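Chains as they are written, first to last, in my numbering: chain H, 14 to 517; chain Y, 2 to 103; chain R, 40 to 210; chain V, 58 to 563; chain F, 188 to 818. Where is the CB? At the ideal position from N, CA and C, for every residue including glycine. These figures come from a predicted structure and were not determined experimentally. The block underneath contains the structure these notes are about, expressed in structure tokens.
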Amino acid sequence: MSHLPFDPLLVAIAAPLALALAIALGLPKRWSVRLAYAGFAVPLVMALHTWWHFSAQTQTAGYAFLTNYSTGLTGLGISLKLGLNGISLPLFVMAGIVGFAAGLYAIQSQAERLKIYLMLLLIMQGGLMGVFASVDIFFFYFFHELALIPTFIMVGVWGGRDRGYAAMKMTIYLTAGAMISLVGLIALYVKSGATTFDLIELKRYLASKPLSEITQKNLFAVLTVGFGVLVSLWPLHTWAPLGYGAAPSSNAMLHTGVLKKFGLYGLIQIGLPLLPAGAVHWAHPLAWLAVLGNVLIVGLITIAQRDLKQMLGYSSVMHMGYAFLGIAAGTTLGVGGVVLMMVAHGLSVALLFLLATSVHHRTHTFAMDEMGGLAQKTPVLAALFVAATFASIGLPGFANFWGELTIFVALWKFSPAITACAVAGVVISAIYGLRAAARIFFGPPTDHMTAITAKFPPADLRWAERIPALVLLAALLFVGFWPKSLSDPINAALTPAAKVAAAK
Amino acid sequence: MIPATLNGYLAIAVALFAIGLVGVLVRRNTLVVFMCLELMLVASTLALVAFSRFNGTMDGNVFVFFILTVAAAEVAVGLAIIVALFRKRQTIQIDQLNTLKH
Amino acid sequence: MGHLLFNVIALFTLIAAVGVVVNKNAVNASLCLLLSLVGVAGLFVGLEAYLLAFLLLLVYAGAIVALFLFIVMLLDTKGDARPTLNRLPAAARVLAVGLVGAGFVSFLTRGRLPEPDLTKVPALGADLKLYAYQLFTTYLLPVQILGFLLLIAMIGVIVLSKKFEGLEDIK
Amino acid sequence: MTLEAVKAAAESNVWTAIFPELMLGCIALLLLALEIMLPKRLHSLIPDLAAAGLLGTLIGFLVNWDSASVGTTTFNGLLIHSPTGQFMRAFFLLAAFFVCLLGRIALAKQRMPRVEFFHIVLVVTAAMMLLAQSNHFVTLFVALETLTIGLYILVAYHRTSTASLEAGLKYLVMGALSSGMLLFGIVLLYGVAGNAALPGHTAQGMNYAELARFLAANPNNFVACLGIVLVLAGVAFKIGAFPFQIWVPDVYQGAPTPVTAFLAVGSKAAGFAVLLALCGPGGAFAPCAWLTEPILMAMAVATILFGNIAALTQHNVKRLIGLSGVSHAGFLLLGVVAARQVPSAVGAIQFYLLAYLIASFAVFGVMTHLAGAEDSDQELDHYAGLAKEHPFLATVLAVGLGSLAGIPPLAGFMGKFLVFVAVFKAGHGTSLIIAAIGVVISIYYYFGWIKAAFFESWAPAADAAPARPARTPVGLAAGLALGTLAVASVVLGFWQGPLGSWLVLK
Amino acid sequence: MLQHAILVLGLPLASAAVIGLFLRRSGGVAAAISTATAAAICVLSLILALGGERFEASMTWLQLGDFTLSLGIKFDDLAALMLVIVGLVGLCVHVFSLGYMHDDANRARYFGGLSIFMFSMLGIVFADNLFMMFIYWELVGFSSWLLINHYLHKQSAADASKKAFIANRVGDFGFLLGIVWCYAQFGTVNLTELAKLADGGATIAAGIPLLLFCGAVGKSAQLPLQVWLPDAMEGPTPVSALIHAATMVAAGIYMLCRINALMVADALTVIMWVGTATALYAALCAIVQSDIKKVLAYSTLSQLGYMVAAFGLGAANSTHYHGDTPHTVLVEFGVGAAMFHLTTHAFFKALMFLGSGSVIHGCHHEQDIFKMGGLAKKMPLTFVTFTVGVLAIIGMPLLAGFFSKDAILFLAYVNSTPVFVLLALTAVLTAFYMVRLWKIVFLGAPRSEDAGHAHEGGLTLTAPLVLLAVLSIVGGYGWFYADVFGGAFEDVMALVPHAEGTDHIVILSTSLAVMLLGGLAALAFYKTTPTDTLADKAHGAFGALTALRNSFDRAYDYYVAKVQQRFAMLVNFLEQILLAGVIVRGLAAAVGFFGLGARALHTGNVNAYAYWFLLGAVALWAFAAGWITLS
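Pasting the structure below:
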């Protein structure tokens, strides 16, 4: 238990949800906005609290802060069991940080019907905290879906170009992915014979009675495809750039930054420990798919993009390829790298989407060809964008570097050829990242920009925009400079699993 | 020649049922379709009575009461609907009563 | 009943039934229905269910077919008016007849039940008292339900036909 | 029949066991009496009285949930009082209550005679409740026909509308056809079971338990099998399962909206109550699972696919909800298939039905408010801009549709989830894939609807755009009811509490 | 001493952080802080070097499974030498920048960038393992990007910085793979442990050193990744001096020296030839440049080629046989020659770049040498110091370049005649283009108004020149290292090869000959005209050389615009059309088509509906009859 008189995990989940409910029930706008700060801050504070006290907690099977709440389906082995282990902790913290930043950015955005916007964002936030705090597989899935719904509405109502089609396509794709993974999870639940969705119990049970190899293979395949859609594994990814291209900024931040990690997190927390034989069997096809599809093909596609948000969307898809590679590598190093990568990517891509919107406010376009020379007018924006770009292309000092590096190191033992292809992706990401930064900020202003700046003189980033950006950047740098803060719990959580896998 | 046995009666009942079914399938006059539906019900009662007789049970016979009552109620309601419909549409031809489709 | 009589009545019933289906004229069709019902009543008699035969004639022939005839006259339709109606392809009719016929044949060939010995089975249906006992003890609940059924049917017919004051009516 | 037997039979008629049904009958009669006795200006109280009566009966029923009769058979085996039946009774009472609430609004708007509507609804509800407890084909048939004939009238109730009458006629013809099949099936089963030459023959061939005993001795008798499939055909019509679903959109579209809701929820649930009693664990047809299971499975799969695919291109919301209801029947059928091997499937089906009830009435409530005077304005386009004008209705609609679509954290998801788990446990993993495909397809039209309400704005001068629908303001009672439905959808998704435990562990 | 080292690393980082966070608008304060930091680094590095203590220390930075990444410092003589170079040149450049960038609006960003660079570069110097080296490797790339891009409004600067970073990334692609491979093979990337393992006779695949060499190819701008360096001259001139001449580009050489234990003969041969080719190629290109900084940039390339070649040459006789097994020993002489030349080059090239900065500053940011002229009189101090630099680079005896170049020529002479010939030829060319530059810029009459008004800069501009000029003179003498630094770099300096006997005479005469040949030819050939004499008189040769210079850029431009971009567009097109279009939308359309079909089935005709019931009845009948079974 924690030092707090309440369960920090439950509070982190419930606080935003409760506020969302209050808004839905008619909280006045002024109060909604004021309280929204708290609604986003509470999960962050709880997350940081758990991070700080994690190692000092008594742990059961690697989990700290364990609590169990019955929701009426205990008979089916379903209960709201909350807890954090070394893998979920970093993501829980990341969700808190990104959610906080996205919330602040949303509040300052003065979006039309801000109240509802914040309500949906709070639902997302609550769901996200729930995803990573759930030890029960059912609730893990449940919270993911809860966090997913607002996306559809937010894209549809506040979205940009093509929002109708984008919202629809996203909805259908993600539902398909979710359904496939649901089938996989149900199959796992039934086939295991443990009659519980409790991950700890399942692990314990399957450790003594592992599933047959063929079952593991099939289940892993189903889970990979289902989660693959959610994580935009090539070629199941086409919803992602379209959706992110249309999504409003805060939603895109939370979705691509945090929610998308659900699938990877699921593979790591469920797929690898429970279905080791399946993971080994599919590792090579998965790795080739990820490296050729996500890293190289999507990397090239990213180069060809002219629309800033589309480009960010594709780059996000590309980076997910690395994560799959780490999972394919499967060792503590590879999987730990994936967790680091997920945290880092979440922070950096959220930052990029945030800044892209800020850029749009000043350029009134997402077409990169029309931008140029913004750096002179808005040096802080430029500096932050450049920092985010370099973070996302894996510059040391930012968290992303650790993820990529550890994945590469782990991958070499898996397959040097795949490693070579994957590392080539680093060059590709440098190409599109720097090209985008150069097009937007450097060089002389374009005609469009001259016209726009004449009409609306661009102001540099306001503090209300800066603070969320700086929060994210600070987190990126913190992890970049002190990776042990995350890698130690990850290591502790993964090492026994790796030993089990090695013993097989 | 069909023997007046259980199977014989059953065959007649099934035949009656089949004729009624065919009528529902091919006739376009709502009233006639209705009559065919009644034929099907009657076929059931025939089989029921036959079973009761040959099996020596009583429930079948009692059931016929209920069936007859239900059929009467059904016909009453059905004809009321048909009349109301005819008053609005001036037709009781099935293929003209297709404003609800697709 | 003799086999011959049974066959005659059965044939009569079926032919009348076919008449319902093939008759172009709705009046003729309803008369065929009447004949067919009479035939069925005859078969009931053959099965020693005299009360039921009587009821069948009373309810069906007396009430239902009369109602049919009445409505047919009221609506004064001329049966299936050929030209506009022939939109269902003949093939479909053939198919329908064929499939139903096939089903019938398949039933005849496969659905043969063991024949009970009629002489050893009591003709319970001939005993009026039994109907009364059953209806008022064992099947009292369905009887009650049927009461409500008839009530709502009546109300329904009223709702569908009556003019209501203050409410717009059929234009 | 000896006097003792007669006496015993008479004593078996424990009328207190069906007290709620009797209450409904009495209230129905009272309504008719009041129509005559009350002055005209007080007639508007009658619908309220009906709703209040239903609510009162429901509450009374829930208070006496564990009455003495539970677990027994009464009326000479005509009725069986099982926990499942108890649940269904409460379910039908609840459904009827909401139908009355919708009827209040719709009838006032469409100027139809009122009292008769509520009278029939009450009687039909009682019939449904008896149907759910029936243990005998006679009760089944009689209750089913009362229900069906009541619905014939209700569907055609809006007699100034061609659509309503036409729907009534179609429903009547198709219903009578299916009743004919069902009846013939019953007759065949009765006849075969009573055949003295067959092993295990019984005189009580129409009693489920007796029939099950007979079928266990003769699982492959052709005539019996024929009887079974014909009965299934009749039930399939009720639940709208493929290929007996074809009438659904036409009838749903033509019927007055409250009646559509009653059809969609009540009638369908009644069908499932019957199906569970027949094909469920320990049901009449359980010994012939070799036959019923493949049929139901094939039906389920075809129903899911057909319902969803056909709904995909639908623009009329009533047809759409009808076709989506078809697909729901498919999901429930999967549960029925699983029920024989997995006991928890029955609870899952019940939870699914409850979630479906809540969500459906939320949606139908919104539809009722949006419908024009002639129950028109039921195109998707009419929902454009709803979120801006009427955020409350839009929210309720979104929650309802989301729940129907099966999206967490709404109750519909839990229903689907529980059914899916049961289906997988029963070893029908492959059919889950079809179900999953169905869910994905369904997302398209459910969200298309939500999209219309939320993302699109009303385009006034668009070419041949229909006139702006006159939207009924939401009254207090309706608002409360709709709000409760929406909240219940959410809460039941998160937290099933004692209900969940009861359903799962029953 | 460890604290000193940590301080050396921490100071510039802190300086950069402070400037970036708080001093964005206070250029003067930022400049002061940054320069003070540089001074502190310089002092500390001298203390460290002279202190004589050599140490290694590390702490775990990241641990996952059995993978451990250490944050460590390895301070040996090699590092000390590099540290002193970076410290000295860094201080000079900082001081010079004070004057040079005085009027720049974005001074704070500039000095912040310099501080980041100092941090990263010192990190490379101190890195005790390859991962750490890679980390700083990337960071210097970043700071280079930042500083090249200093003039934000210039498209050319934006392009050049991008090009520099991407070219470096291409090199790093190999570098990283090499590191990962190395880790996979040896289970460690600690330099000391690797050296032990290699000494212990571990077999090393040639791929590892070659892939690691890729990093040097990128960072030290060797063929074929040399294209970014000339473009990098878009940055401010002091940056060119510090990063693109003296230190960062030399990091490749330093890295090679750090990992020499891993070198195998095949790899060294490749390295040797790459260096030689780069040296010759760049020298040829330099002849036709008219931009003062580009001349120097190509000269830098050429000299870097020298160093790489020197490192590669050390290989020639390094395979020994212990019994029957071939065993590769440390490449001693290559390291010595390369590092020696690196040192002298750092001094004189920084000197010349700063000198050119002084010229440019004096001429109001004119960079075309044909618009200068006669600056000897206007800027005497610059002239004198620049002359020292020129003489040093062309190998005038007694100046620093003479010694280091001779060491390399000697290695080549001993090990590979073709390389020797080519390097000698390069030396001729070096003398030719440097004297050309010198003559056109400083002699004759001013050829433009700006040149006419040229003037010497303030003390901050001249003092560094003087210091570097002194270093360019004394940097070649052994006593400088032995006495002034008290033998602090003995480990390295001991490895510098010295020609003995006849070899000595051959080398000496060759080097004198080539210097005189090139220098005098240039003096005689070039007229102080406003156009390039070579272009006027030997049009064909000029065109050929220009084409040679442009060939790589053309090829890369062609690749980027015509191959990569088109391929990307094609893949994008396929994605949009095939995947998102045909497959995804097609699937949706197919389902929708079924939907329309299903919709059409609802004809509204009750008869037709009855047929559905018939269909159902038939199907059910078939089930009952056992004609259909679902297994």
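Of all residues in the stretch 242-264 of chain F, only T247, W248, L249, Q250, L251, G252, D253, F254, L256 come within less than 9 angstroms of chain H when Cβ atoms are compared, listed by chain position. Taken atom to atom, the span from the alpha-carbon of F198/V to that of L240/V is near 7 angstroms. Among the residues facing chain F, A105/R is not included, as its CB has no counterpart in that chain under 8 angstroms away.
Around the Cβ of Y745/F, a 10 Å sphere holds fewer than 16 other Cβ atoms; the residue is exposed. Of the residues S194/H, A124/H, L86/H, the one whose Cα lies closest to the Cα of E158/H is S194/H. Taking 8 angstroms as the threshold, the shortest C-beta distance from G172/H to chain F does not fall below it.
V25/Y reaches chain F at A797, counting residues in chain order whose Cβ is nearer than 7 angstroms.
K724/F counts as exposed, since fewer than 16 other C-beta atoms from the protein chains shown sit within 10 angstroms of its C-beta. Close to C282/V, with beta-carbon spacing below 7 angstroms, are these residues of chain F in chain order: A811. Per DSSP, E61/V is one residue of the alpha helix (DSSP H) stretching across 60-68.
By the CB criterion at 8 angstroms, V195/V and L135/V fall inside the cutoff. Cβ neighbours of F83/R within its own chain (closer than 8 angstroms, five residues either side excluded): Y89, L91, A92, L95. The distance from the Cβ of F342/V to that of L272/V is about 7 angstroms, consistent with a contact at the 8 angstroms cut-off. Contact between L807/F and L289/V holds, since their C-beta atoms are separated by about 7 angstroms, short of 8 angstroms. By the neighbour-count definition (other C-beta atoms within 10 Å, threshold 16), D20/H is a buried residue. With at least 16 other beta carbons inside 10 angstroms of its own, A443/H counts as buried. If you compare the alpha carbons of G169/H, N98/H, L325/H with that of K508/V, the shortest gap goes to G169/H. Exclusion of the five residues before and after T718/F leaves F557 as the residues of its chain whose Cβ lies within less than 8 angstroms of its Cβ. DSSP places A314/F within a strand segment (E or B) once states are collapsed to three. Under the rule that a run must span 4 or more residues, the alpha helix (DSSP H) segments found entirely inside the stretch 695-749 of chain F read 720-724, 726-744.
Contact annotation: F67/Y and P181/R have beta-carbon atoms nearer than 8 angstroms. When the Cα atoms are used, I479/F and L443/F turn out to be separated by approximately 30 angstroms.
Inclusion of V311/H and M331/H in the CB contact set at 8 angstroms is warranted, their separation being smaller than that value.
Ranked by how close their Cα comes to the Cα of V575/F, the residues T531/F, A599/F, A611/F have T531/F in first place. Between F210/H and G90/H the beta-carbon gap is near 5 angstroms, inside 8 angstroms, which marks them as a contact. Note on the stretch 265-320 of chain H: whole alpha helix (DSSP H) runs with a minimum of 4 residues are 274-279, 289-301, 311-317, in chain order.
Taking 8 angstroms as the CB threshold, V805/F stays off the interface with chain Y. Contact note: P300/V reaches chain F through W799, F800, L802, G803, A806, using a C-beta cutoff of 8 angstroms and chain order. Chain-order list of chain F residues neighbouring N99/Y: T790, G791, N792, by C-beta distance under 7 angstroms. By the rule that beta-carbons nearer than 8 angstroms mark a contact, V24/H does not touch chain F. Identification of chain Y residues near A787/F by a Cβ-Cβ cut-off of 8 angstroms yields H103, ordered along the chain.
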